[in-house]
Each structure stands twice: as C-alpha cells, then as structure tokens.
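Under my numbering, think of the first position of the sequence shown as 2, with each following residue one higher. Quick notes on the structure that follows.
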Amino acid sequence: MQILDPLDAEAIARHTRAFELEIHEQLDSTQDRARERLMQGHAGPAAVIADAQRAGRGQHGRRWLSPPGAAIYLTAVWPTARTPAQLAGLSLAVGLAIRRTLACWQIDARLKWPNDVWVDQRKLAGVLIDVMTQPTGAQLLIGIGLNLQLPESATQDLDQPWTELSHWLSPLPSRNLLIGRLLQQLQGVLCSFEAAGFAAFSEEWQAADGLCGQQIWWRGSAGVERGHALGVDELGRLRVDINGQLRLLSAGEVSVRPY
C-alpha cells in the first residue's frame, strides 16, 4: 500500500478558506464530532477530517470500518435557511461535487441514487446527510467517505461491489489536494443549492445518473420490490416504472440496487 501524506490543514486550505478545518488522527466518527462541535456552539461552515474512525457509520446506521489512511473521512458543516422539505435532492447534489472532484483526474464517475458514487458500477464513495437545528438556525452535517486503498480487513463485510481510488490512479494524489478540491467543489454546490435547490443540478444529474434505464430492486415497507429506473424528478425523487405504473421513491425511504 502507498504511504500517504499526513493530513495538513494549511495545505487543504490553499484550495478554499470557506471552512474552518479540524483535523484528527482518530475519532469515533467525523459525523459525531461535527455534531459535538455544534452542541458546543461552533457553527459552520466547518469541516471535520480524520485519518481513521473507530465507529464510522453509513446510510441506515450501518457500521463502517474506517482504518487509518484507507479512505477520506470527513464531515462538512454548513448553515442553511432551508426547511427539511426544501433539502430534497441535497445528497444528489453532494454526489455531483464528488464527481466534479474526480473529473480533475479524468475519472468518469456515475451516481447511484441517492447516496453513492460509482466507478464501473462499483462504489467508490458515499454520502451521509444529517440536519441539526440550532437556536441560530439549521446546520447541515454532510458526511463523505471516499475509498483510497482499502486493506482486506475493511472489505470483508461490504455488502455490495466496491472499488478504490488506487485502482484508477497510481500513484495516489495527495490527500490534502483531494480534500481541498473536494471542499472547493462542495462549497460551490452548497451555495447553488441554497439559492435554487435541486433544480440547479437536474440537468447535470441526468448526465451522471448511473441507474437510469436499469432494472432495480429495493426493500421497502412492503418487502422486496422491482422496477425500471427512469431517472429523477425535480425534487430528486427516483422515478420507477413498476409494470406500467409510475412510483416515486424518496431518498432515505429505501435502499436501491440494480439486478
């Protein structure tokens, strides 16, 4: 495995100074630390970054093994004036920020609704979004994990096809450069989303949609269902054809897989 450069706040900040940076060697999770910061009165914009996590978590509370240097682990904190209903499609927009970052290295990533970034139909990165209400307003907690070089111990419990950046780039670029450019792209996406919502990204999403046209299955309240993915609507909901009937799936409602 490649020896990675140490995380360095000043090197990251060369690309954007919009975020107050907090770097740790190890945390339970960047998401938990970001929440703790808010409870201590430290509002965003900020970014909590760790070299390793003891108790990382993904969508639906899944445990995520996060050994040192295996991935980028960060949570961005960003203030928003939007209501929860007006945040529909945010995870899709954040996925586009990751895709734009990867394009700097000529990697053509696709987005799997609603939280994953794919390369060659294998998961390279994921997004986890929480909202925390403060007396001064709502704060977004945007967790991002991007696989760099995973040891075998970190892949044994993965329940879907995965990939890592080292498979596509050798040698790996500087982590500080990657994170800096990612935060730079994220800043632009969040500003646009705050102004216009998902409508600002719908055309770009269509070009990056990794599920559109595929047969998919998901496990919802009625058990396992299957359908044909038709893209997303203006609110970022997944449009699915089920035997000629249109169904709209909301992010967080189900876990979708191609079959």
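Each residue gets a CB set at the ideal place from its N, CA and C atoms; glycine is no exception. These figures come from a predicted structure and were not determined experimentally.
| query | Applying the criterion that 16 or more other CB atoms from any shown protein chain within 10 Å of the CB defines a buried residue, is D131 buried or exposed? | reply | What you label residue 131 is simply residue 130 of the sequence shown in a count that begins at 1. Its Cβ having fewer than 16 others within 10 Å, D131 is exposed.
| said: Whole angstroms are fine: how far does the CA of P259 sit from the CA of D29? | reply: Reading the sequence shown from its first residue, position 28 is the one you call residue 29. Reading the sequence shown from its first residue, position 258 is the one you call residue 259. About 32 Å.
| said: Please state the DSSP three-state secondary structure of M133. | reply: Sequence index remark: in the sequence shown, residue 133 carries index 132 (1-based). Three-state result, M133: strand.
| Residue(s) in a DSSP beta bridge with L142 | As a first step, residue 142 must be located in the sequence shown, where it is residue number 141. Partner(s): V78 and D131.
| task | Let me know the secondary structure DSSP gives L99 once reduced to three states. | result | Position 98 of the sequence shown, counting from 1, holds the residue named residue 99. According to the sequence displayed, residue 99 carries Ile and not Leu. DSSP places I99 in helix when its eight states are reduced to three.
| query | Measuring CA to CA, which of Q107, Q140, A126 and T102 is closest to A82? | reply | The residue you call residue 82 lines up with position 81 of the sequence shown. Checking every option, the nearest Cα to that of A82 belongs to Q140.
| What is the residue span of the beta strand (DSSP E) that Q216 lies within? | Here the question's residue 216 lines up with position 215 in the sequence shown. Residues Q216 to G221.
| task | State the beta-bridge partners of P259 as determined by DSSP. | result | Residue 259 sits at position 258 when you count from the first residue of the sequence shown. In the DSSP output, where bridge partners are listed per residue, P259 has I217.
| query | If we ignore side chains and look at the alpha-carbon of each, how far apart do A230 and G221 end up? | reply | By 1-based counting over the sequence shown, the position of residue 230 is 229. By 1-based counting over the sequence shown, the position of residue 221 is 220. Roughly 16 Å separates the two Cα atoms.
| query | Quick one, are the C-beta atoms of W163 and R123 less than 8 Å apart? | reply | Taking the sequence shown and counting its residues from 1, one reaches residue 163 at position 162. Taking the sequence shown and counting its residues from 1, one reaches residue 123 at position 122. In contact: W163 and R123 (Cβ atoms closer than 8 Å).
| query | In three-state DSSP terms, what is R18? | reply | Here residue 18 refers to the residue found at position 17 when the sequence shown is read from its first residue. Looking at R18 - three-state DSSP - the assignment turns out to be coil, as it is neither helix nor strand.
| According to DSSP, is D33 helix, strand or coil? | As a position in the sequence shown, residue 33 is number 32, starting the count at 1. In the structure shown, D33 sits in a helix (DSSP, three-state: H, G or I).
| query | So G224 is in the beta strand (DSSP E); what residue range does that whole segment cover? | reply | Residue 224 sits at position 223 when you count from the first residue of the sequence shown. Its beta strand (DSSP E) spans residues G224 to V233.
| What separation, rounded to the nearest whole angstrom, lies between the Cα atoms of A223 and L249? | The residue given as residue 223 occupies position 222 in the sequence shown. The residue given as residue 249 occupies position 248 in the sequence shown. In a straight line, the C-alpha of A223 is about 15 Å away from that of L249.
| request: Tell me where the beta strand (DSSP E) around I243 begins and ends. | output: Position 242 of the sequence shown holds residue 243. Counting along the chain, the beta strand (DSSP E) containing I243 begins and ends at L239 to I243.
| query | Do the stretch 169-180 and the stretch 188-196 make contact, defined as three or more Cβ pairs closer than 8 Å? | reply | Touching, no.
| Would you say L183 and Q3 are within 8 Å of each other, going by their C-beta atoms? | Position 182 of the sequence shown holds residue 183. Position 2 of the sequence shown holds residue 3. Going by C-beta atoms, L183 is not nearer than 8 Å to Q3.
| query | In terms of alpha-carbon separation, which member of R55, N148 and G45 lies closest to R18? | reply | On the sequence shown, residue 18 is found 17 positions in, with the first residue counted as 1. Selected option, being the one with the closest Cα: G45.
| task | Taking P115 as the reference, give the member of Q107, A126 and Q185 with the closest Cα. | result | As a working mapping, residue 115 is identified with position 114 in the sequence shown. The shortest Cα separation from P115 among Q107, A126 and Q185 belongs to A126.
| message | Checking 8 Å against the spacing of the C-beta atoms, do G147 and A72 come in under that value? | response | What you label residue 147 is simply residue 146 of the sequence shown in a count that begins at 1. What you label residue 72 is simply residue 71 of the sequence shown in a count that begins at 1. One point to set straight first is that residue 147 is Leu, not Gly, in the sequence displayed. For L147 and A72, yes; Cβs fall inside 8 Å.
| request: Return yes when the Cβ of L187 is within less than 8 Å of the Cβ of V95, no when it is not. | output: Mapped onto the sequence shown, residue 95 falls at position 94. Mapped onto the sequence shown, residue 187 falls at position 186. Between V95 and L187, the C-beta gap is smaller than 8 Å, which places the two residues in contact.
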